[in-house]
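Heads up: the structure comes next, in structure tokens.
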Amino acid sequence: MRNSSLRRGLEGIALSLALTAAPMAAAADLKIAVAADVTSIDPHFFNLFPNNNIAEHIFDKLVQMDPDSKMIPGIATSWKTIDATTWEFKLRKGIKFHDGTELTAEDVVFSIDRVPLVPNSPGRFTAYTKAIISKQIVDPYTLRLKYAAPYPLAPNDLSTIYIVSKKVAANATTEDFNSGKAAVGSGRFKFVRYVSGDRVELARNDNYWGDKPGWDKVTFKIIKSEPSRVAALLSGDVDAIEGVPTADLARIKADPKFNVTSKISHRVIYFNFDHLDRVSPFITAKDGKPLAKNPLLDIRVRRAISKAINRPAIAERVMEGQAIPSGQLVSDKLFGNVPGLKAEAFDPEGAKKLLAEAGYPDGFNMTIHGPSGRYVNDEKIVQAVAQMLARVGIVSKVETSPMGPYAARASKQEFSFEMVGWGASTGEASSPLRSLLATYNTDKGLGAVNWGRYSNPKVDYLIEQALQQVDDDNRRIMLQRATELSMSDLGIMPIHFQYTIWATAKAVTYVPRTDEYTLAFQFKPIKG
Amino acid sequence: MQSVVVLLVMSLLVFVGVYAVGNPIDILINPQADQAEREQAIATLGLDKPLYAQYFVFLGGALHGDLGKSFVHATSALGLILERMPATMELALSAMLIAVVLGIPLGLLAGLKPNGVAGRSIMAGSILGFSLPTFWVGLMLIMVFAVDLHWLPSNGRGPTTLLFGLIPVSFTSWEGIKHLILPATNLALFNLALLIRLTRAGTHEALLQDYVKFARAKGLSNSRVIGVHVLRNILIPIVTVIGLQFGALIGFAIVTESVFAWPGMGKLLIDSINFLDRPVIVAYLLVVVFLFIIINLLVDILYSALDPRVRITDSKG
Amino acid sequence: MTPANTVVRGVETPFQRVVSDFLANPVAVFGLGLLTLVVLAAVFAPVISPQNPYDLAQLDVMDSRLPPGSPAPNGGRFWLGTDDQGRDMLSAIFYGLRISLAVGVISTVCALIIGLTMGLTAAYFGGRFETFVMRVVDIQLSFPAILIALILIAVLGQGTGKVITALVTVQWAYYARTVRGAALVEKRREYMEAARCLALSPSRIVFRHLLPNCLPPMIVVATVQVAGAIALEATLSFLGLGLPITEPSLGLLIANGYQYLLSGKYWISFFPGIALLLTIVSINLVADQLRDVLNPRLQR
């Protein structure tokens, strides 16, 4: 009795507090919970997803990406090649930095030059600027970039380089960006505050050259734990969250107070095979003795593994419908997709037959590795795959670890069969092809993440040709041929394209993006 | 001097340990980088030198109060930790406050009436407090008080104001306190249970002592006997445990901070382990060791204030 | 008083006294009964479980996240539902108990042996060795266990053996300190004098005479520590730094189910949570009573 009246009293207090708080929330403020820590505001310091996500708001780029990862004009209004190796960019006139100075080609050249010079950078953007051999400022609004060889990817590459103000950033350190002193861009939002590990606060740039966002103030709160992030949305502490765990999807969808939006990502989830001619480190015979040779070298074994995996079941049960089974590198929205190349059909009997043909009628023992907490449901996918392989006789153990130590070991070929994900950040199939399937070659910068060390000279030839082919149609065909060839080899084994999921309060909608970014200006208040 | 040795040994062990786990460059660098960029990045982070040379560079810096720069944040590792420390300290102190304010009276009650209903239920509750895993209780608190009842915010830290113009604290505003209640309660639970049991045991023992019986026999009022004689007698072990447990609170704050997205230094440690951000891991440990040394010193001083028979110079055991 | 060596008819042996004192408290008896059940369930997990949750071939993701009481493909029922991999929760809890208890008991026993040896030898020989050991113990005890374990796992990597190593490292100091305290008291007793006069070898004195007399407080500490180790392992698993995911302990089961709590699929973490709770509570109840029975003066 007393208890319930006490509770009613407390609810009354809570209610009155909620009422007084309500008008504040109604002002055009947006609070978004994001999943990963922002390590710096300096847009050239560290090529890391959460950092870039914030930079997208404060800074502009020559070329922008629309929600479908198609290139659209940014600072540059148009771009074209004027000879085989030179690109010309026309810049928009009258773009103002947040401090009022005008953005010109000087600032663009300064930003490109700054990329390789940021001190102590753990991960630079140089991959996107190093091919430029000279820069010419024709006039304040015209810039020419010269490359050593024909370079079709110039606009794609420049869609990753944020333009900073030469005046402000000339002698600025990364710390100056973090404190806000140098965080002066020309983007839709101005920098307000950055509290490491906690939040980033932004305010609308009323002088932005394009559509102005509908929010006065935006706060990104960093909440890593998935249930905590969902709880923040459910309790009304934030207006939107990214990375909605599939576990909570049904509940949020069923609740009329929230909207859920999702979109197929540019990220493919796949497995690497050990392609090295050696005693594979995590494969043994059934009795635990080492196998004389690596069974994964045999295409029949790789095919059997691919057939044993029930991709639709993973998409339906593990991903709760938030994935599309895949047999290639990029989804049909992206450049270089091969129409009609389907995911391998589930065929456990065929898998057993192939294993028997390859000389492993009883299968073998294998440990599967995977990262934890890096991709949507990563640990669960690895376990589900292990189940399915166990049923065709490949008895699998599973080991997972956080991405850091995991990537360190995988890149040294310490595993036999491991799961990874790859986002085609330039919006086309050349991105996964050159990093995942080209033969590992540090001099050319090819195959950098080819952890399984797959190598096929024909595929290499097609990739290298495509990377120099300025004509879009020819390039597309070469990329498609390279994809088909490497997929029929099972150089890597795609599982699915994951969906990126956002959830918002009822009064807010989001235009979802292929590139997984959570951009405040794509949240729209619903009027009424 | 012993503390200096501890600091040295700890730093060396962690340095070597993290080195053994893997090369952070593999995680940090853009996978499309070529060999030259890779080598350049390794050189800028100082990872190209042999391990002992890296350690000596670190030691040289440490002598000047510089514990190195975070690989990931580009700022000084010590600065990062000091920036996060107030949040953790605020959380730990609030938790300790809750544990003491509730624990000692409840323990006294349970000790004075060991066979009553109240005494028994307090003890049963304290066993639960001992046994429930922190992370699970944390989520339950969020579910009930934030999601279902909407009384308190589910996570994060409220607005902060500067204390002495230096230390950001959040307990100065009602909004800040609201943010603090759930995580502090969560963190307090274990110590609350511990203090209840300790106080009960101490009370139990004190009541059997001759001087308490004598005080009773003298006709002193019950409240005076308890307030002065019993309480005084149980205070010393309790202060010790509070001192020891404060360290544990800072450690266990790691769990609470992950559940409640509390921007403290425990969360920083977990992130740094995932990134193999060695400077931060090493700096975190050194800061924590240093903190513990100070806490122990404070406990010793409190000792002698509470009990003139104990001198700081007395060796333990 | 040396334990159980002379039995005089009609007089209680110390052991009988301990047993009857223990049984005098109904709560403790309840705890002991519960603990017995828990241990039996863990030991006979393979016999009583409807499914072997560690055999991947027996699991099917198509059966995942079924609510309690759903029919199972083999004709039975998933009485406590299934988890996100299609594991029968009831079986998973029995097996998880096994792992949790095994990790707790093995790490405690190893830590006990190391701690006892270090503590006893330190107390017996004294001098520099004692100073050194006790310094290490002091330093270690001033660190929160979770922090040491976390750093160790970060340095060692993951896996059952490594978790046990971390737990042993965290715990041994408690025993070393406790046993040294007890041994210092015992050392001054007459029987020790006598043993030394008989010129018995130091190891014989330490292990045959000193050790048995220091055991009672150690048993109490060890019981509490088993519960502590189980809880610590659960916390490590929760932070993603524990055991392999295909052979989940109770802690890992809870951590896995943690993400389903808000979605209404309570059974995935609720039941393992209850199992963990019952285990730790029963151990603590028994430890509490043992403490009172074995040594009335030893009160924390």
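Chains as they are written, first to last, in the working numbering: chain A, 512 to 1039; chain B, 5 to 321; chain C, 17 to 316. Don't be surprised by glycine CBs; every beta carbon is placed ideally from N, CA and C.
Find out if the Cβ-Cβ distance for the pair residue i, residue j is shorter than 7 Å.
i, j, result
"L112/B", "T203/B", "yes"
"S676/A", "A78/B", "no"
"R205/C", "A139/C", "no"
"V306/B", "V243/B", "Here residue 306/B turns out to be Leu, not Val, going by the sequence shown. A contact, by the Cβ cut-off of 7 Å."
"A238/C", "S253/C", "no"
"V829/A", "I892/A", "yes"
"L840/A", "V779/A", "yes"
"A303/C", "V240/C", "yes"
"I644/A", "K657/A", "yes"
What's the call for residue i, buried or exposed, on a 16-neighbour Cβ count within 10 Å?
i, result
"A699/A", "Correcting the residue identity first, residue 699/A is Arg in this sequence and not Ala. With 16 or more other Cβ atoms within 10 Å, it is buried."
"I593/A", "exposed"
"E1027/A", "buried"
"C230/C", "buried"
"V790/A", "exposed"
"V149/C", "buried"
"T317/C", "Examination of residue 317/C is not possible in this model, given that chain C is present from 17 through 316 alone."
"D76/C", "buried"
Less than 6 Å between C-beta atoms, sequence neighbours within five positions excluded: which residues of the same chain meet that for residue i?
i, result
"K178/C", "L172"
"G273/C", "I284, S285"
"A819/A", "P859, A862, M899, L900, V903"
"A197/B", "S130, G133, F134"
"V729/A", "L541, L713, A1031"
Is residue i helix, strand or coil when you go by DSSP?
i, result
"N682/A", "coil"
"E94/B", "helix"
"Q647/A", "strand"
"D798/A", "coil"
"L280/B", "coil"
"V259/B", "helix"
"Q187/C", "helix"
"E599/A", "strand"
"F159/C", "coil"
"A714/A", "strand"
"H68/B", "coil"
"V931/A", "strand"
"Y917/A", "helix"
"P288/C", "helix"
"I1/B", "Beyond the ends of chain B as shown, which are 5 and 321, falls residue 1/B; an answer cannot be given."
Compare the Cα-Cα distances from residue i to each of the options and report the closest residue.
i, options, result
"N718/A", "V706/A, E686/A, I606/A, K641/A", "I606/A"
"V906/A", "Q898/A, D889/A, D624/A", "Q898/A"
"L269/C", "L48/C, R93/C, G102/C", "G102/C"
"V1040/A", "L654/A, R964/A, P882/A, P968/A", "With chain A represented from 512 up to 1039, any question about residue 1040/A goes unanswered, as that position is not in the structure."
"A895/A", "A867/A, A824/A, V960/A", "A824/A"
"G69/B", "F250/B, L301/B, L290/B", "L290/B"
"I734/A", "G725/A, S707/A, D722/A, N716/A", "S707/A"
"Y276/C", "L760/A, F608/A, L852/A", "L760/A"
"T185/C", "G143/C, G47/C, C126/C, C213/C", "C126/C"
"L199/B", "M147/B, V173/B, V234/B, L110/B", "L110/B"
"P62/C", "R81/C, P83/C, F110/C, L200/C", "F110/C"
"P228/C", "T295/C, Y207/C, R33/C", "Y207/C"
Which same chain residues end up closer than 7 Å to residue i when comparing Cβ atoms and leaving out the 5 residues on each side of it in sequence?
i, result
"V749/A", "K542, I543, A544, K732, A743"
"P872/A", "L866"
"G142/B", "N190, T260, V263, F264"
"R986/A", "P663, A977, Q980"
For residue i, which residues in chain E fall below 8 Å Cβ to Cβ?
i, result
"V151/B", "Note that chain E does not occur in the displayed structure, where the protein chains are A, B and C."
Within its chain, find whatever has a CB closer than 8 Å to the CB of residue i; leave out the 5 residues flanking it on each side and keep chain order.
i, result
"L39/C", "V45"
"F636/A", "H555, N558, V626, T671, I672"
"S936/A", "T671, H777, S942, D1026"
"L116/B", "G123, T207, L211, I230"
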